[in-house]
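Enquirer: Taken in sequence, the protein lines are chains U and A.
Residue numbers for the first sequence follow my numbering, so the first one is 2 and each next one is one higher.
Residue numbers for the second sequence follow my numbering, so the first one is 604 and each next one is one higher.
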Amino acid sequence: MLGAMLLLLVCSFKNLPAQTCWLSVAGLNQNRFVWGPVNVECGWEEYGCWHSPPFGNWGVTSNYGQKQDSAQFQGWKPKDSKMQWNSCTSGYPPPSCDYYNWNACTQQRDWYTVNVHGTKGVTIQVTCPRDTNGDGQCDTGGCKDVYTYGEWTNWMTLYELDPPGFPPWCGTDDLVETLYFPTTYVYLTCNVGWCSAAQTAWQAPTSGWVTSAQMAMLVNYGFYQDSVNCEYLRFSNPQYNCVW
Amino acid sequence: MLPWSAEASAVKLSGRIRAADGAALAGHVEVISGTGHILSQSYLTDSQGGFSIEAPAQPRLVVVARAEGYISAEREVAPAAGEAEVRLDFTLLASGSASGRVTDDTGRPVAGALVRLHYPGEVRRVVYEQEAGNVRSDDFGHFQLPFVAQGRAFVIEAASEDRLPGFSAPLRLSGAALEGVAVRLAQTGQRVRVRVVGIGGTPVPGAMVRLQALAEAEAFTAEQRQSRTFWEAANRLAPAGADGTVEFRGVPAGRVTIVAGRPGGKLIKQEALLERGRTLELVVSVP
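1) Taking DSSP as the reference, what is the three-state secondary structure of G804 (chain A)?
2) Quick one: residues in its chain with C-beta nearer than 7 Å to the C-beta of V807 (chain A), no 5 flanking neighbours on either side, listed in chain order?
3) Quick one: list the residues of chain U neighbouring I656 (chain A), beta-carbon separation under 8 Å, in chain order.
4) Since E874 (chain A) sits in a beta bridge, which residues does DSSP pair it with?
5) List the whole-angstrom C-beta distance separating L234 (chain U) from Y150 (chain U), where the pair is believed to meet the contact cut-off of C-beta under 8 Å.
6) With three or more beta-carbon pairs closer than 8 Å as the criterion, would you say the stretch 807-819 of chain A touches the stretch 743-760 of chain A?
7) Using 10 angstroms around the beta-carbon of D708 (chain A), count the other beta-carbons present and answer buried if the total reaches 16, otherwise exposed.
8) Would you mind telling me which residues of chain A sit closer than 8 Å to F224 (chain U), beta carbon to beta carbon, in chain order?
9) Output the boundary residues of the beta strand (DSSP E) element that contains L29 (chain U).
10) Skipping 5 residues on each side, what residues in its chain have a beta carbon closer than 8 Å to that of N134 (chain U)?
11) Suppose only complete runs of 4+ residues qualify. What are the alpha helix (DSSP H) ranges in the stretch 204-244 of chain U, listed by chain order?
12) Between which two residues does the beta strand (DSSP E) harbouring A816 (chain A) extend?
13) Could you compute how far the alpha carbon of G735 (chain A) sits from the alpha carbon of Q644 (chain A)?
14) Judging by CA-CA distance, which residue of U:E232, U:C89, U:D132 is the nearest neighbour of V39 (chain U)?
15) In the DSSP assignment, what residue or residues form a beta bridge with N87 (chain U)?
16) My output table needs one value for Q827 (chain A): the three-state DSSP class, helix, strand or coil.
17) For L176 (chain U), count neighbouring Cβ atoms within 10 angstroms of its own Cβ and tell me buried if that reaches 16, exposed if not.
18) Comparing alpha-carbon positions, which option in A:V667, A:G868, A:Q661, A:T860 lies nearest E688 (chain A)?
19) Measuring alpha carbon to alpha carbon, tell me which residue in A:V758, A:A841, A:A668 is nearest F833 (chain A).
20) Would R678 (chain A) pass as a contact of L696 (chain A) if the rule is Cβ separation under 8 Å?
21) Counting along the chain, where does the beta strand (DSSP E) carrying P842 (chain A) start and finish?
22) Which of the residues in the stretch 857-873 of chain A, read from start to end, lie with their CB under 7 Å from any CB of chain U?
23) In angstroms with no decimal places, state the Cα-to-Cα distance between L767 (chain A) and N104 (chain U).
24) According to the Cβ coordinates, are S702 (chain A) and E760 (chain A) closer than 8 Å?
25) Assign N30 (chain U) to buried or exposed, taking buried as 16 or more other Cβ atoms, counted over all protein chains shown, within 10 Å of its Cβ.
26) Got a sec: which bits of the stretch 121-133 of chain U sit with their beta carbon under 9 Å from any beta carbon on chain A, in order along the chain?
27) Is V60 (chain U) close to chain A, meaning its C-beta is less than 8 Å from at least one C-beta of that chain?
28) Kindly indicate if chain U contains any beta-carbon less than 8 Å away from that of Q827 (chain A).
29) Taking Cβ positions, are A681 (chain A) and L788 (chain A) nearer each other than 8 Å?
30) Using the rule of at least 16 other Cβ atoms within 10 Å of the residue's Cβ for burial, across every protein chain shown, is D146 (chain U) buried or exposed?
31) Taking C-alpha atoms, which residue in A:A822, A:H640, A:Q651, A:G803 lies nearest to G891 (chain A)?
32) Ignoring anything shorter than 3 residues, give me the beta strand (DSSP E) runs that lie fully in the stretch 691-733 of chain A, in order along the chain.
33) Just to confirm my understanding: we take T882 (chain A), look at its own chain, exclude 5 residues before and 5 after, and list those with CB closer than 8 Å. What are they?
34) Is the Cβ of Y731 (chain A) closer than 8 Å to any Cβ of chain U?
35) Compare the beta carbon distance of E657 (chain A) and A613 (chain A) with 8 Å and say whether it is the shorter of the two.
36) Let me check understanding here. Comparing Cα to Cα, which of A:V854, A:V887, A:Y731, A:K869 lies closest to A676 (chain A)?
Encoded structure:
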């Protein structure tokens with residue numbers, strides 16, 4: 002009876018969500034380094050807009066998400082509850098230990114904090130959990146269908162961000178530069194119901210004129226999301242009526 | 604060696620990204636392909652938002668369009684056999700912000716609540732977490748969601764450790780910002796305490812415990828059940844502590860299924876009824 006009702010349900014909805022494995026994938030960065038000239042936060046007054054040179058918080062737009070005023074690419078100088086960068090090196094040149102913290106106060110670096118510059122969830126269609134050896138345990142399907150996850154093109158575009166509430170006529174966030182990184186991929190350890198965390202090694206950028214950082218890709222976790230399709234199969238085929 | 608082989612054939616995806624007013628938007632296109640081996644590829648559009656890319660010729664591709672200051676959009680593409688080119692045009696909605704406050708049933712602020720948003724009826728394959736919200740309310744219950752689509756109906760959802768998910772009324776952002784949204788977490792969730800033991804009743808630290816709750820039919824609407832916040836309240840996974848115990852809080856009342864096992868070991872399933880206002884205690888014996 003219940004099986005018939007489920008079959009009716011399956012037939013009634015054309016767009017029923019399929020069973021999926023959801024992966025949470027994050028882009029991480031560390032060992033952030035600014036060695037070259039950066040001149041994006043220099044003027045105090047510009048078109049009636051008051052900046053506060055030379056320090057600014059930086060954001061990252063990447064293949065993992067958009068820039069935002071948070072802790073995506075932290076600098077070394079604590080200011081306004083953010084870790085900021087000297088973003089006007091021509092007006093505030095080295096050497097100066099007020100404006101530089103590395104290499105005899107001539108460069109800027111944050112070498113120990115790991116930042117998350119973006120996270121995305123990727124849903125992958127998988128097969129229903131199934132027992133292939135008759136022991137009552139689901140041993141195939143679900144997240145076990147997923148073996149690797151890769152990002153072909155890793156990139157981080159760095160911006161010096163205008164502070165929150167900055168009037169829109171005062172301009173937009175200022176581009177610093179784009180860093181490109183090699184392809185990253187991880188082999189996943191998944192059972193039917195979930196995947197464990199997996200992280201790539203830290204990667205050095207393949208480009209960068211004035212900045213540098215290491216990036217890594219982290220699959221935080223994966224979890225299986227069941228569907229009515231699989232529920233129906235459990236009633237109609239004993240192979241699918243297994244524990245996962 | 605990379606886990607993807609060089610594609611013998613490719614399909615050309617071409618199109619343009621525009622804003623709702625027709626203006627061209629330079630941005631990025633991401634293509635997600637594969638089944639067992641998942642690959643995400645990112646491409647820059649030209650200055651007019653145009654793109655023309657060679658993607659792996661696979662039965663199903665997900666293509667996501669993004670531009671700074673706009674909410675991303677995606678399309679699922681199923682190229683027909685032998686189809687050489689697929690045309691995809693995207694219209695992106697400008698991003699604004701929504702802010703408000705999370706309170707409990709007495710009107711007191713709920714600090715640390717996880718706040719998200721969803722667009723009713725939308726199914727996404729790729730979700731950028733910042734577009735989904737995922738912010739925490741502050742000590743006064745205040746929150747701000749900085750990436751909300753303008754001109755499109757959405758619902759804000761929240762949950763805290765002990766409280767069941769709460770939902771705002773349907774909202775729409777007609778300008779750059781919407782303030783004063785109220786989300787009430789009216790119901791306290793139940794607790795489920797699971798003790799995993801082995802032969803002789805010895806605790807099994809590190810055993811994985813999965814909980815699935817089939818919430819009572821009248822407690823949530825069908826639309827609310829589609830939300831990620833509800834899904835996460837009803838589906839939990841945690842390792843047992845040193846004493847072999849796991850406690851799940853904020854669980855909806857109704858039938859619950861518990862599955863537990865040693866890592867890599869045989870899984871044992873138990874079902875029970877979780878009554879409102881009660882704490883359910885279960886012992887699961889695993890081989």
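Glycine included, each C-beta is placed from N, C-alpha and C at the ideal position.
Expert: Taking the definition as stated:
1) helix
2) V799, V800, G801, A843, G847, R865, V889
3) Within chain U, no residue comes near I656 (chain A); the closest Cβ sits about 11 Å away, beyond 8 Å.
4) A:T860
5) Actually they do not touch by this definition, with Cβ atoms about 26 Å apart.
6) no
7) exposed
8) N838, L840
9) 21-35
10) D140
11) 229-237
12) 811-818
13) The identity of residue 735 (chain A) in the sequence shown is Ala, whereas the question assumes Gly. Computed Cα separation, rounded: 21 Å.
14) U:C89
15) U:F56
16) helix
17) exposed
18) A:Q661
19) A:V758
20) no
21) 838-842
22) V862, K869, L870, K872
23) 52 Å
24) no
25) buried
26) K121, G122, V123, T124, I125, Q126, V127
27) Here residue 60 (chain U) is Gly; the residue named in the question, Val, does not match the sequence. Output row for G60 (chain U): interface = no.
28) no
29) no
30) buried
31) Lying outside 604 to 890, the shown extent of chain A, residue 891 (chain A) is not represented and no answer is given.
32) 717-721, 729-731
33) Q793, R794, V795, R796
34) yes
35) yes
36) A:Y731
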